[in-house]
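This report concerns only the one structure given below.
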Amino acid sequence: MKIGLLDTLRAANPVVLNISNFVTVQDVANGINAIGASPIMSEEIAETREMVQISSAVALNLGAFSKPQVDHILAMGQAANELHKPLVIDPVAVGAIAYRKQVATDLMSQFQVDVIRGNAGEIAALADVEWQAKGIDAGSGNQDLVEIAKACAQKQHCVVILSGETDVITDGERVVKVHNGTPLFQLHVGSGDMLSSIVAAFCAVSDGDYFEAAQTACVVFAAIGELVAKELKEERPGTFSARLMDALHLTTVADIEKIAQFD
Amino acid sequence: MKIGLLDTLRAANPVVLNISNFVTVQDVANGINAIGASPIMSEEIAETREMVQISSAVALNLGAFSKPQVDHILAMGQAANELHKPLVIDPVAVGAIAYRKQVATDLMSQFQVDVIRGNAGEIAALADVEWQAKGIDAGSGNQDLVEIAKACAQKQHCVVILSGETDVITDGERVVKVHNGTPLFQLHVGSGDMLSSIVAAFCAVSDGDYFEAAQTACVVFAAIGELVAKELKEERPGTFSARLMDALHLTTVADIEKIAQFD
Amino acid sequence: MKIGLLDTLRAANPVVLNISNFVTVQDVANGINAIGASPIMSEEIAETREMVQISSAVALNLGAFSKPQVDHILAMGQAANELHKPLVIDPVAVGAIAYRKQVATDLMSQFQVDVIRGNAGEIAALADVEWQAKGIDAGSGNQDLVEIAKACAQKQHCVVILSGETDVITDGERVVKVHNGTPLFQLHVGSGDMLSSIVAAFCAVSDGDYFEAAQTACVVFAAIGELVAKELKEERPGTFSARLMDALHLTTVADIEKIAQFD
């Protein structure tokens, strides 16, 4: 685990291009900015290739998409592949809505993603494993989370991040578990989307080691959230949201190394 | 007035499906989450029926809509009717823009809403009463607010919430007035939209008594806002917004009962 | 420099109509509200003329636009010209993406804007001057910023605001430089978009003197940001964002006059 990759990221200030979830886009842009990367968003397919060219990584969020956006996502994923930019996908609600699973599966058959980040319900759906998702929430089930994540990674030929109380990161063989975090992430709607784009920022500075990038992004984000939550006496989701931005900007590698818990 | 319905809501954690106003969508999603429900948003008509099926209530916001979104709103309203899910509508700016009034009227002739929530200008427009609205603001007029709300409820065959310094809630016959609140709601753009979706969350746990759900939602939201405002020495709209999220999550039924003012 | 124009704005509470950047729209709406104007947003071309009629100024943001939105921007710009409403444009990323520059140039050949507000990369692009932009960031170059701003103003026949560490405001002949501000604006994604809409609000109360309106808006916004930043011991972008809203509402003309720095 190279937590120092955070300093590399801050020095490089990579441009992260996002197809964003309109629900959380402002928070995601501010989060990318706060941690030390540079966000750019697009809604217009005509500018796709130019946008991908000036970017160091691409994050595709499937939350709340419309049909024109699906065409755009396809074009952007294919351009990322052609131009060799790391590609992260966040398959929002594919565990709850069959239509979304079909769209996500179709898309992923037409480009190769490097990292998938989702909750248990979403990752289970992409691995074709039984799971009970609930709306945008993870839901619950009896399967072993590590096995689900590995099955998804093997099926999709990429790194998988299964977010939850413990994050599971796997390339299909190797597995890292990150134990940091706070329940306040669940109370703040944009947390998962923000992490997905931050994963893309880490991929941009990882020299192609996306398994390393994914686990580092998870430790950094979860540890920063945990530090913010510790300072609050109560579960205050609004205050948490503002201070998370502060902490994404201010927290040092040393701060994170002190509390990082993974195996 | 059953303020305890808030505890029922928090225990049930109902999924609230939203056609949202893109201006305020993030705040609305976070507000639904903070009070104890689970938000889901959609922009794609093809997933409408599936989305309505997994939801416990539907909130349609007409703020800043486009023509494709109108088709989507229609499909979602009709699906909510067919699947017997409570349906709330927020007719943003129908008092100021004739085009919006026409669209809202057309829509409401094609499905039956359970609750309309708007400001005086919006409710007057849907009741065909004279009123001077101004942009997204309520405007002013000489009509009695209770009579306007009752006329709208009778015309639209539903519960009406007329939001303002005093909220008026009516089913066309019975009337409840809620006197809690704070002028800071006016300074925070998403307050009304958030209330509309919170009304839907209360409808989801009300056993079909939407008049009860509507008044309880108004007291809960207005009282929480008032408690937050009291802690601020000055009118600080940014701090208010963050602390409102905190308070939606932390405020108890007992806290609200202490200051609730209605008749 | 008439900083007292802020009081005129607050007394008049002008309606500012926005084609907004979906990334930052909520912050922009809240910022317009907080400073004392009234925001209205639209996504539907059919309501354009009505919307422009009830507005006192129009702000067009080119961030993250799609093709249907371009048609809407064109209709709104032309309606603003016909109805003699001041028109501000924010040409997001035209310095980095050739497609955006082409769209912006096409649009501006079909209506006359009163004020352009952008960073150095964006203003250089519209002046056809060499510059190295980076994503949504300003980039860097060797050209004199005053000359770039003047060239753009002369080419586009309007007032130009070139935002940066020092803001340059020019009508092509006269030049004002504003030295207030804080690096925290760079860490908060919506700052530039918010300023553009606040410029429109000042234009609405300026009796047609858009050069005066532009420079006053810049001093007011930059000084308020500076005051907020001074109270923070560290660079805290999330806290800055919330307190900026507070300060837009609470800061007085006298507070601003005490620290205003321009020449």
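Just so you know, the sequences run in chain order A, B and C. The numbering of the first sequence is this note's numbering, which starts it at 153 and goes up by one. The numbering of the second sequence is this note's numbering, which starts it at 153 and goes up by one. The numbering of the third sequence is this note's numbering, which starts it at 153 and goes up by one. Glycine included, each C-beta is placed from N, C-alpha and C at the ideal position. Nothing here was measured: the structure is a model prediction, and the numbers come from that model.
Leu314(B) places its beta carbon less than 8 Å from that of Leu297(B). At a cut-off of 8 Å between beta-carbon atoms, Asp179(C) makes contact with chain A.
Straight through space, the alpha carbons of Gly342(A) and Val177(A) are spaced by roughly 8 Å. One alpha carbon belongs to His340(C), the other to Gln264(B), and they sit about 43 Å apart. One finds nothing in chain C with a Cβ atom closer than 8 Å to the Cβ of Arg388(A); even the nearest lies about 13 Å away. Rounded to whole angstroms, the gap between the alpha carbons of Phe373(A) and Lys410(B) is 40 Å. Separation of the CB atoms of Thr334(C) and Ala366(C) is rounded to 20 Å, and the pair is thereby denied contact status at 8 Å. Thr404(B) counts as exposed, since fewer than 16 other beta carbons sit within 10 angstroms of its beta carbon. Annotation for Ala211(A): the continuous beta strand (DSSP E) segment containing it runs Ala209 to Asn213.
In the structure shown, Met193(C) adopts extended strand secondary structure according to DSSP, grouped into three states. With 16 or more other Cβ atoms inside 10 Å of its own Cβ, Asp242(A) counts as buried. With fewer than three CB-CB distances shorter than 8 Å, the stretch 166 to 173 of chain C does not count as touching the stretch 161 to 175 of chain A. Taking the C-beta atoms as reference points, Cys310(A) is found nearer than 8 Å to Val267(A). Selection Arg269(C), Ser261(C) and Cys304(C) evaluated against Glu282(C) yields Cys304(C) as nearest (Cα-Cα). Val327(B) is not a Cβ neighbour of Val371(B), given a cutoff of 8 Å. Put simply, the CB of Gly342(C) is near chain A, with a gap under 8 Å to one of its CB atoms. Taking 9 Å as the cut-off between beta carbons, the residues of the stretch 173 to 206 of chain B near chain C are Asn173, Phe174, Val175, Thr176, Val177, Gln178 and Asp179, in sequence order. Residues of chain C whose Cβ lies closer than 8 Å to the Cβ of Ser218(B) are, in chain order, Glu195, Glu196 and Pro220.
In this structure, Ile184(A) lies away from Ser348(A), with their beta-carbon atoms at least 8 Å apart. Pairing Lys302(B) with Ile275(B), the inter-Cα distance amounts to about 10 Å. Distance between Ala231(C) and Ala356(C), taken at the CA atoms: about 16 Å.
The alpha helix (DSSP H) runs of length 4 or more contained entirely in the stretch 244 to 279 of chain C are, from start to end of the chain, 250 to 260 and 272 to 278. The C-beta separation of Glu202(C) from Tyr251(B) comes to about 6 Å, placing the pair in contact by the 8 Å criterion.
Cβ-Cβ separation between Ala256(C) and Leu214(C): approximately 6 Å, consistent with a contact (criterion under 8 Å).
At a cut-off of 8 Å, the C-beta of Arg252(C) has a neighbouring C-beta in chain A. Within chain C, the residues placing a beta-carbon under 9 Å from that of His401(A) are Leu339, Glu386, Glu387, Arg388, Pro389 and Gly390, ordered along the chain. Residues of chain B whose Cβ lies closer than 7 Å to the Cβ of Ile249(A) are, in chain order, Glu199, Glu202 and Met203. Annotation: the stretch 313 to 379 of chain B contains the following complete segments of the alpha helix (DSSP H) (minimum length 4 residues), in chain order: 336 to 339 and 343 to 356. Close CB contacts of Pro389(C) within its chain, under the 7 Å cut and outside five residues either way in sequence, are with Leu336, Leu339 and His340 (chain order).
Taking each of Thr318(C), Lys154(C) and Ser358(C) in turn and checking the Cα distance to Pro238(C), the smallest one comes out for Ser358(C). Note on Gln254(C): under 16 other CB atoms within 10 angstroms of its CB, so exposed under the neighbour-count rule.
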